[in-house]
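Participant:
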Amino acid sequence: MEARVDEVFGRFNEETPGAALAVIKDGQVVYKKGYGTAQLEYGAAIGPDTVFHVASVSKQFTAFAILLLAEEGKLSLDDDIREYLPEVGDLGKTITIRHLVHHTSGLRDQWVLLRMAGWRMDDVITTEHILKLVQRQQELNFEPGAEHLYCNTGYTLLAEIVARVSGQSFREWTAEHIFEPLGMTNTHFHDDHEMIVKNRAYSYRPVRDQGYKKAVLSFANVGATSLFTTAEDLAQWLLNFEEKKVGSAGVFEQMHKQGILNNAEEINYAFALNIGEYKGLKTVGHSGSDAGFRSYAARFPQQRFGVVVLSNVSNSNPSGLARQVADIYLADEITEEEPRSRQRRSPETKEQEPITLSEEELAEYAGYYLSEELDTTYRFIVREGQLTALHQRHSDISMRVNGEDEFRGGVLGTVRFTRNKENQIDGFRATSGRVRNLRFDKFIFIEEETTGDSG
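Residue numbers (the numbering used here): 26 to 480.
#1: Let me check one thing: in DSSP terms, what residues is Asn-299 bridge-paired to?
#2: Tell me the DSSP secondary structure of Thr-374 in three-state form.
#3: When you compare only the Cα positions, how much space is there between Ser-479 and Leu-183?
#4: Considering only their Cβ atoms, is the gap separating Val-149 from Phe-244 smaller than 9 Å?
#5: Mind checking whether Asp-430 and Arg-408 have CB atoms under 9 Å apart?
#6: Could you tell me the distance, in whole angstroms, from the CA atom of Lys-467 to the CA atom of Glu-164?
#7: What did DSSP end up calling Phe-86 once you bin it into helix, strand or coil?
#8: Measure the CB-CB distance between Val-23 and Thr-456 and report whether it falls below 9 Å.
#9: What are the complete alpha helix (DSSP H) segments, minimum 4 residues, inside the stretch 187-258?
#10: Assign Val-460 to buried or exposed, taking buried as 16 or more other Cβ atoms, counted over all protein chains shown, within 10 Å of its Cβ.
#11: For Glu-268, which residues in the same chain have their Cβ closer than 6 Å to its Cβ, ignoring the five residues on either side in sequence?
#12: Entirely within the stretch 391-458 and at least 3 residues each: give me those beta strand (DSSP E) ranges in chain order.
#13: Which of helix, strand or coil does DSSP assign to Pro-42?
#14: Does DSSP put Lys-99 in a helix, a strand or coil?
#15: Here's the rule: buried if 16 or more other CB atoms are within 10 angstroms of the residue's CB, otherwise exposed. What is Glu-398?
#16: Please tell me whether, using a cut-off of 8 Å, the distance from the CB of Ser-83 to the nearest non-hydrogen atom of the ligand SAH is below it.
#17: If I follow the unbroken alpha helix (DSSP H) through Lys-157, where does it start and stop?
#18: For the beta strand (DSSP E) that Ala-63 lies in, which residues bound it at each end?
#19: Between the alpha carbons of Gly-345 and Leu-387, how many angstroms are there, rounded?
#20: In whole angstroms, what separates the C-alpha of Tyr-60 from that of Ser-130?
Structure representation (structure tokens):
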């Protein structure tokens, strides 16, 4: 059986990045191994004790911390988050801790906001940077509880709530109350991007005809991401769902409780755990993706089976690898799924003809636009018959006409220009992924006159 598992990871070797694996069955770790290379520069091999950044797999620990504090009576899931984070603006509706947990808060996602503001994902991004960005927000994507839309911002705020309620840093509190009691000796929330971490993996991305390049990550923010851990440590975490060394039966029952929207619809997302199904078997897990890191940790609770796959290359698929491992161990219990038929486009379907505007028509949209919520400015110009958006930290963005007063392009997503009573363009609203209707106002840019004096 182990040889068959090794074949699943056969693409990884000493010249490639790779993955670490841990498998649990019936209350014990039955297999753990590393494949490929943790640091291509030094040829360090990956083992089950190699430390990875696991991205959004981090979130379940943040949710667990909230439940532990709730059980102690130090907070309530239905508390208004402004009781703990008064600097968050009044956005018109009450956002509760529970909303943050289930991604139903309506808050805009921090990563999309940061990219729109000109940040790169390899910049040093701290919790303080994110909190300041949240403070500037004046609107929500939707009314809290109305929808489920994945939002990293919520989990950064949850970690900050843990820190403020406990009087310790989130890193310190989780180490004392979760990781140390579980014997997760190589696990911590990484809140210092300059900290040296022994036996860590670095992340990579494949480049055509060039092998691999580093995918740099300098995060110093926690809660939504930044858990540093190993496959064997995460195996101990999965076992804790059965053993309950840390956390009561009530806490674990709550961990699996799925969110409910205002219209009483139940969603698949519990306390940072996706409740799903694979080949007829119930699954409980979460994936993660940052830079070149990819991660997946899941349990098949009814089979007392779990699998962890951590990888340091962007084109890997840990959830797919984990399912192949499950196919091997649970071969007698799974139900083979029928292959999905591919839908073909109807022959009557025609591609929409691109809309073209003259340079004179495009010139109406040219100018400078400021977002107070991002504290950033874009300039729109007409270049070679196309509207182009300029930002000091982005490559120039070619905007495609999408409809009347509407364009699409790059990090801005869909841009819908607005007009005043005189029918003049006075701004636009940008919708990009997990950020909706972000307001930009048009303004007149006046260059300061320079003198011959130099300071």
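Virtual Cβ for every residue (Gly too), placed ideally from N, Cα, C.
Facilitator: Let me spell this out:
#1: Locating residue 299 in the sequence shown gives position 274, counting from the first residue. In the DSSP output, where bridge partners are listed per residue, Asn-299 has Tyr-294 and Gly-310.
#2: On the sequence shown, residue 374 is found 349 positions in, with the first residue counted as 1. Any reading at Thr-374 is ruled out, since the residue's pLDDT is 49, under 50, leaving its predicted position unreliable.
#3: Taking the sequence shown and counting its residues from 1, the one referred to as residue 479 is at position 454. Taking the sequence shown and counting its residues from 1, the one referred to as residue 183 is at position 158. Because the pLDDT of Ser-479 is 46, which lies under 50, any placement of that residue in the model is unreliable, and the question is left without a value.
#4: In the sequence shown, counting from the first residue as 1, residue 244 sits at position 219. In the sequence shown, counting from the first residue as 1, residue 149 sits at position 124. Closer than 9 Å, so yes.
#5: In the sequence shown, the residue the question calls residue 430 occupies position 405. In the sequence shown, the residue the question calls residue 408 occupies position 383. No, Cβ-Cβ distance for Asp-430 and Arg-408 is not below 9 Å.
#6: The residue you call residue 467 lines up with position 442 of the sequence shown. The residue you call residue 164 lines up with position 139 of the sequence shown. Distance between the alpha carbons of Lys-467 and Glu-164: 19 Å.
#7: For the purposes of this step, residue 86 is taken as residue 61 along the sequence shown, with counting starting at 1. DSSP places Phe-86 in helix when its eight states are reduced to three.
#8: For the chain, the structure presents residues 26 to 480; residue 23 sits outside this window and is missing.
#9: Restricting attention to alpha helix (DSSP H) runs no shorter than 4 residues, the stretch 187-258 encloses them at 195-199, ordered along the chain.
#10: What you label residue 460 is simply residue 435 of the sequence shown in a count that begins at 1. Counting Cβ neighbours within 10 Å, Val-460 comes out buried, since at least 16 surround it.
#11: As a position in the sequence shown, residue 268 is number 243, starting the count at 1. Around Glu-268: no qualifying Cβ.
#12: Segments of the beta strand (DSSP E) lying fully in the stretch 391-458: 392-396, 401-408, 411-415, 422-428, 431-434, 438-444 and 450-457.
#13: Working through the sequence shown from its first residue, we reach residue 42 at position 17. Strand, per DSSP.
#14: Locating residue 99 in the sequence shown gives position 74, counting from the first residue. In the three-state scheme derived from DSSP, where H, G and I count as helix and E and B as strand, Lys-99 is classed as coil.
#15: Start at 1 with the first residue of the sequence shown, and residue 398 comes out as number 373. When all chains shown are included, Glu-398 counts as buried.
#16: Ligands are entirely absent from the displayed structure, and the ligand SAH is therefore not among its contents.
#17: Your numbering for residue 157 matches position 132 in the sequence shown. Note, Lys-157: alpha helix (DSSP H), 152-161.
#18: Locating residue 63 in the sequence shown gives position 38, where the first residue counts as 1. Per DSSP, Ala-63 belongs to the beta strand (DSSP E) from 62-64.
#19: The count along the sequence shown starts at 1 and reaches residue 345 at position 320. The count along the sequence shown starts at 1 and reaches residue 387 at position 362. One C-alpha to the other measures close to 46 Å.
#20: On the sequence shown, position 35 is the one that residue 60 refers to. On the sequence shown, position 105 is the one that residue 130 refers to. Rounded to whole angstroms, Tyr-60 to Ser-130 spans 39 Å at the Cα level.
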